[in-house]
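A.B. asks:
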Amino acid sequence: MQAIKCVVVGDGHHSPNVPCILVGTKLDLREDPETIEKLREKRMAPITYPQGLQMAKEINAVRYLECSALTQKGLKNVFDEAIRAVLIPAQPPKRTRKCTIL
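Our numbering applies: residue 34 is where the sequence shown begins, and numbers increase by one.
1. Applying the criterion that 16 or more other CB atoms from any shown protein chain within 10 Å of the CB defines a buried residue, is A102 buried or exposed?
2. Can you give the beta carbon distance from A115 to C53, rounded, assuming they're within the 8 Å contact cut?
3. Who pairs with L55 in a beta bridge, going by DSSP?
4. What residue range is occupied by the uninterrupted alpha helix (DSSP H) comprising E74?
5. DSSP three-state label for N110, please.
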């Protein structure tokens with residue numbers, strides 16, 4: 034997850050108005066017993082959906098999605114959301130202005 038932060042910070046600096054979508058790949062391996070065992074041997078675990086959402090918030094991504102190229106699960110949605118993020122950018126939150134009388 035630290036590598037994600039490094040890449041995003043570098044890219045966000047040069048192109049701040051480009052929407053970022055965080056995509057968790059290899060979703061099929063989250064349920065694979067062999068992969069889980071290999072991770073356990075390294076004292077690691079697959080990233081959970083809530084962890085992905087939290088990371089997306091930390092890096093100011095417009096969306097967090099998961100997919101598997103092997104099973105095709107969520108794959109079309111990743112491309113659909115990428116197109117949507119560019120064509121219909123998120124509106125910045127409206128600033129409320131307070132009236133101040135001096």
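By construction, the Cβ of each residue, glycine as well, lies at the ideal position given by its N, Cα and C atoms.
C.D. replies: This is what the structure holds:
1. Classification for A102: exposed.
2. No, A115 and C53 are not in contact; Cβ-Cβ is about 10 Å, not under 8 Å.
3. According to DSSP, L55 bridges with Y97.
4. Where E74 is concerned, the enclosing alpha helix (DSSP H) stretches over P66 to E74.
5. Helix at N110.
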